[in-house]
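Here is the structure we will look at.
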Amino acid sequence: MRSIISPANELCKHVRRLCESRRYRRECGEFVLEGQRLWQDALQSGLVPRHLLVGEKLAGEALPALEAVCSDVAVLSENALRSCGDTVSPQGLLAVFPLPENHQSALARRSVLLCSLQDPGNVGMIIRTAEAFGLPEVLLSADCPDLYAPKVLRASMGGIFRIPVRTVESVEETIAALRKMNIPVYASALCEGARPLCEVDLTGDCCLLIGNEGNGLPPGLIERCSGSLVIPMRGKAQSLNAAMAAGILIYEVMRQG
Numbered sequence: 000m001r002s003i004i005s006p007a008n009e010l011c012k013h014v015r016r017l018c019e020s021r022r023y024r025r026e027c028g029e030f031v032l033e034g035q036r037l038w039q040d041a042l043q044s045g046l047v048p049r050h051l052l053v054g055e056k057l058a059g060e061a062l063p064a065l066e067a068v069c070s071d072v073a074v075l076s077e078n079a080l081r082s083c084g085d086t087v088s089p090q091g092l093l094a095v096f097p098l099p100e101n102h103q104s105a106l107a108r109r110s111v112l113l114c115s116l117q118d119p120g121n122v123g124m125i126i127r128t129a130e131a132f133g134l135p136e137v138l139l140s141a142d143c144p145d146l147y148a149p150k151v152l153r154a155s156m157g158g159i160f161r162i163p164v165r166t167v168e169s170v171e172e173t174i175a176a177l178r179k180m181n182i183p184v185y186a187s188a189l190c191e192g193a194r195p196l197c198e199v200d201l202t203g204d205c206c207l208l209i210g211n212e213g214n215g216l217p218p219g220l221i222e223r224c225s226g227s228l229v230i231p232m233r234g235k236a237q238s239l240n241a242a243m244a245a246g247i248l249i250y251e252v253m254r255q256g
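Each residue of the sequence shown is one higher than the one before, counting from 0 in numbering that gives the first Met the number 0.
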């Protein structure tokens with residue numbers, strides 16, 4: 000155990016950069032979790048922390064238990080701890096973990112594929128929803144927010160550690176691979192020929208394609224899919240938040256299945 004008082008400490012600066020930079024996370028092969036809930040979720044998934052930063056208020060009697068699971072525990076002053084994370088109210092604990100390898104097993108027979116989403120909160124919420132309803136896998140295009148960005152991790156509420164989530168290099172090739180496996184891919188898109196969700200048979204294998212919050216899905220991608228569907232709405236709203244729409248679609252897929 001070591002004590003850190005100053006925010007200028009090298010470990011504090013390292014943790015700040017991990018929180019702020021996707022590139023730095025990739026270069027170091029590490030990411031940061033903040034809070035006891037995510038800490039427990041990561042441990043239960045089998046991840047082993049490299050560094051653990053704990054506030055003076057939380058340390059106390061918990062220190063022996065923390066040192067039992069992490070070889071490098073640092074007790075930080077409240078000022079130093081506040082400088083490390085990206086939340087307004089520090090949660091008393093930050094942990095640095097090695098980045099897991101991108102999931103590389105065969106594509107699941109049921110999944111959701113996120114294409115060019117921008118909001119890390121939406122990505123995390125969709126992962127959380129998919130895990131909650133038992134969807135086997137979540138796929139993301141390479142230009143989606145980083146899976147290990149703090150906002151994605153918090154929004155997933157630990158779901159990222161309980162469901163396979165992987166980044167795909169090519170959405171087009173992934174759609175082609177799914178269809179070659181006789182897995183239909185349905186684009187969530189308000190376009191010509193789109194069918195109401197309640198009229199689509201989703202009892203078998205399928206993949207749901209969700210597009211960018213502002214621009215939706217490119218026409219070229221929609222054309223590559225098996226079909227397109229829309230969520231019927233009675234009100235005057237023209238669209239739903241991406242995470243809300245994905246949640247409704249995932250629920251219906253798992254309900255029918």
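C-beta atoms are modelled at their ideal positions from N, C-alpha and C, and glycine is treated no differently.
What you are looking at is a predicted structure, and each value in this text was computed from that prediction instead of being measured.
For S104, same chain residues with a beta-carbon under 8 Å away, outside a window of 5 residues either side, are P163 in chain order. Here the alpha carbons of L177 and L106 stand approximately 7 Å from one another. Of the other Cβ atoms in all chains shown, fewer than 16 fall within 10 Å of the Cβ of T202; this residue is therefore exposed. Here C114 is buried: its Cβ has 16 or more other Cβ atoms, across all protein chains shown, within 10 Å.
Here I3 is near A79, since their CB atoms are less than 8 Å apart. Residue environment for C143: buried (at least 16 other C-beta atoms within 10 angstroms of its C-beta). Look at A73 here: in three-state DSSP terms it is strand.
T166 carries a strand assignment under DSSP once its states are collapsed to helix, strand and coil. Distances from the alpha-carbon of G120 to those of P149, L134, L112 and P135 put P149 closest.
Rounded to the nearest whole angstrom, the C-alpha separation of Q43 and E168 is 29 Å. Around the beta carbon of M232, a 10 Å sphere encloses fewer than 16 other beta carbons of the protein chains shown; the residue is thus reported as exposed.
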